[in-house]
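Working notes, structure below.
There are 2 protein chains.
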Amino acid sequence: MVLDLERHREMLRRCSIAAALESVGERWSFLILRGAFNGLQHFEEFQSTLGIARNILSNRLARLVENGILQREPDPTDRRRVAYRLTDKGLDLLPVLLSLRQWGEKWISAAPSNPVLVDRATRRPIAPMAVRDADGRMLSRAELEWLDRSELDG
Amino acid sequence: MVLDLERHREMLRRCSIAAALESVGERWSFLILRGAFNGLQHFEEFQSTLGIARNILSNRLARLVENGILQREPDPTDRRRVAYRLTDKGLDLLPVLLSLRQWGEKWISAAPSNPVLVDRATRRPIAPMAVRDADGRMLSRAELEWLDRSELDG
DNA sequence: CATTCTCAGTTGCAATATGAAACCTAGTAA
DNA sequence: TTACTAGGTTTCATATTGCAACTGAGAATG
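Line by line, the protein sequences give chains A and B. Just so it is clear: in the first sequence, position 13 is 12 by numbering that gives the first Met the number 0, and no numbers are missing. Just so it is clear: in the second sequence, position 91 is 90 by numbering that gives the first Met the number 0, and no numbers are missing.
Take a look at the structure:
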């Protein structure tokens, strides 16, 4: 029993999805990040655009900072203000955010999202997030298989 | 004031990330889906491998079914048993799951996850989920820009 | 320089969600 | 016919969230 519980805890520690959710899985965290990706930086901006309760926002920002996803930067020109900006670790969540957005767009809100992420050089929208092989070819579901790591070739 | 609240509600309805999170953003939902992707189908399997409370599991499965992400299929050979399996809508969450897993693997639990998703034909692991242009070329952060939909070419 | 306003919170309390454990019901196995 | 199993539900305790009012440092205004 205790062992089983321990095994479970261990499993959750090993599972990177569970680990990721510890950082960004709480209610509002993702929407705060969406805001940050769209340029929001200040407490009042997040609060008024998301309509989140102030104490919860305060808590979520603190946790995201603790987890190294946002950086808290006091503004030197106005000492009341604090800017919250994405760290590299936070910026690296972009694929998660885009996948989720595209899924929601496809299956729930048929309305296309705004703004759109484009290739700066060509100004063309990015491709849908998809599973691809090592050469960048898109793989359909039928082409995929789960393999135990031990069965991977050298 | 009421208008502002309404505008906010409207925004959340329009935001596909918020919409997606309504379906899969509750605590445990993602881990249940991870289990489903790894082959779990039965109540007792989810319960014992995740260690989730039975009433919560019951609630989450019902909600995922409501939202068309899982299908509830009574087993004809044993009328006690019920199989929960991913629908197409649910299977389409794979990119989200993989992005999250890769992020967790990179930034939190350095340990590589198991099992691994491979190209069935070559048995080689899939490429990391990344932002790519329409031709499949990977785009770095510096190459990306947010553009208002109205500014898109034709 | 006194007053007012803004920003980023905190506090207290009510409403919800979650968790643990026992219980239930239909169906299967011995 | 008795025991056991799968998939829940119920009850009650605890934790999380939400709302509204309040605070305190600092900036803007007159």
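Using N, Cα and C, we set each Cβ at its ideal position, and we do this for glycine too. Bear in mind that the values here come from a model prediction, so they are computed numbers and not experimental data.
Sequence-distant residues of the same chain with beta carbon closer than 8 Å to V117(B), five excluded per side = Here residue 117(B) corresponds to residue number 118 of the second sequence, with the count starting at 1. Excluding residues within five positions, the ones whose Cβ falls inside 8 Å are R123, P124, I125.
Do you know offhand how far T76(B)'s Cα is from F45(B)'s?
-> Within the second sequence, the letter at position 77 stands for residue 76(B). Within the second sequence, the letter at position 46 stands for residue 45(B). T76(B) and F45(B) have their C-alpha atoms roughly 21 Å apart.
Which residues bound the alpha helix (DSSP H) around D87(A)?
-> Along the first sequence, read from residue 1 onward, the residue named residue 87(A) stands at position 88. From DSSP, the alpha helix (DSSP H) with D87(A) extends over 87–90.
Which residues of chain B have a Cβ atom closer than 7 Å to the Cβ of A17(A), listed in chain order?
-> Position 18 of the first sequence, counted from the start, is the residue given in the question as residue 17(A). Within 7 Å Cβ-Cβ: L30.
Reference E65(B), options K88(B), D152(B), D134(B), closest by Cα | For this step, residue 65(B) is matched to residue 66 along the second sequence. Checked all of K88(B), D152(B), D134(B); the closest Cα to E65(B) is K88(B).
Could you give the residue range of the beta strand (DSSP E) that holds R71(A)?
-> Position 72 of the first sequence, counted from the first residue, corresponds to residue 71(A). Start and end: 69–73.
So, are the CB atoms of C14(A) and R33(B) less than 9 Å apart?
-> Position 15 of the first sequence, counted from the first residue, corresponds to residue 14(A). Position 34 of the second sequence, counted from the first residue, corresponds to residue 33(B). Yes.
Identify every residue that forms a DSSP beta bridge with P124(B).
-> Here residue 124(B) is taken as the residue at index 125 of the second sequence, counted from 1. P124(B) pairs with V117(B).
Near L39(A), what residues of its chain come up, given a Cβ to Cβ distance below 6 Å and the 5 sequence neighbours on each side ignored?
-> Reading the first sequence from its first residue, position 40 is the one you call residue 39(A). Beyond the five residues adjoining it in sequence on each side, L39(A) comes within less than 6 Å, by CB distance, of F45 in the same chain, given in chain order.
Which chain A residues sit within Cβ distance under 7 Å of A133(B)?
-> In the second sequence, residue 133(B) corresponds to position 134, counting from 1. Chain-order list of chain A residues neighbouring A133(B): R123, A126, by C-beta distance under 7 Å.
Between which two residues does the beta strand (DSSP E) carrying L151(A) extend?
-> The residue given as residue 151(A) occupies position 152 in the first sequence. Note, L151(A): premise wrong, no beta strand (DSSP E); not H, not E.
Roughly how many angstroms lie between the CA atoms of M128(A) and L138(B), to the nearest whole one?
-> Counted from its first residue, the first sequence places residue 128(A) at position 129. Counted from its first residue, the second sequence places residue 138(B) at position 139. C-alpha separation (whole angstroms): 12 Å.
Please state whether DSSP places L49(B) in a helix, a strand or coil.
-> Within the second sequence, residue 49(B) is the residue found at index 50, counting from 1. In the three-state scheme derived from DSSP, where H, G and I count as helix and E and B as strand, L49(B) is classed as helix.
My understanding is that L56(B) touches F42(B), with C-beta atoms under 8 Å, so please give their C-beta distance in whole angstroms.
-> Counting from one through the second sequence, the residue named residue 56(B) turns up at place 57. Counting from one through the second sequence, the residue named residue 42(B) turns up at place 43. So it is a contact: roughly 7 Å between Cβ atoms.
Rounded to whole angstroms, how far is the Cβ of R131(B) from the Cβ of P114(A), which I believe are closer than 8 Å?
-> Along the second sequence, read from residue 1 onward, the residue named residue 131(B) stands at position 132. Along the first sequence, read from residue 1 onward, the residue named residue 114(A) stands at position 115. Actually they are not in contact, since the Cβ atoms of R131(B) and P114(A) sit about 18 Å apart, beyond 8 Å.
For A35(A), the residue or residues it bridges with in DSSP | By 1-based counting over the first sequence, the position of residue 35(A) is 36. A35(A) pairs with nothing; no bridge assigned.
Determine the chain B residues that contact R140(A) at a beta-carbon separation under 7 Å, and present them in chain order.
-> Translated into the one-based positions of the first sequence, residue 140(A) becomes position 141. Result: L90.
Who are the near neighbours of D3(A) in its chain, counting only those whose CB is closer than 8 Å to its CB and skipping five residues on each side?
-> As a working note, residue 3(A) is residue 4 in the first sequence. A caution first: D3(A) carries a pLDDT of 39, below 50, which makes its placement in the model too unreliable to give a value.
For L97(A), the first and last residue of its enclosing alpha helix (DSSP H) = Walking along the first sequence from the start, residue 97(A) turns up at place 98. Segment 93–106, the alpha helix (DSSP H) holding L97(A).
Could you check the C-alpha separation between S112(B) and L30(A) for me, to the nearest Å?
-> By one-based count along the second sequence, residue 112(B) stands at place 113. By one-based count along the first sequence, residue 30(A) stands at place 31. Answer to the nearest angstrom: the Cα atoms are 27 Å apart.
Buried versus exposed, by CB contacts within 10 Å (16 or more), A109(B) = Start at 1 with the first residue of the second sequence, and residue 109(B) comes out as number 110. The residue in question, A109(B), is exposed, as its Cβ has fewer than 16 Cβ neighbours within 10 Å.
Answer yes or no: does any C-beta atom of chain B fall closer than 9 Å to that of P114(A)?
-> The residue labelled residue 114(A) in the question sits at position 115 within the first sequence. Under the 9 Å criterion on CB atoms, P114(A) is classed as interfacial with respect to chain B.
Sequence-distant residues of its chain with Cβ nearer than 7 Å to R136(A) (five each side left out) | Counting from 1 along the first sequence, the entry for residue 136(A) is found at position 137. Counting only Cβ-Cβ distances below 7 Å, and skipping sequence neighbours, we find nothing.
How would you label R59(A), buried or exposed, when you count the other beta carbons within 10 angstroms and need 16 or more for buried?
-> To locate residue 59(A), count along the first sequence from 1; it is residue 60. Within 10 angstroms of the beta-carbon of R59(A) lie 16 or more other beta-carbons, which makes it buried.
With 16 other CB atoms within 10 Å as the buried threshold, where does E144(A) fall?
-> As a working mapping, residue 144(A) is identified with position 145 in the first sequence. Here E144(A) is exposed, its C-beta having fewer than 16 other C-beta atoms within 10 Å.
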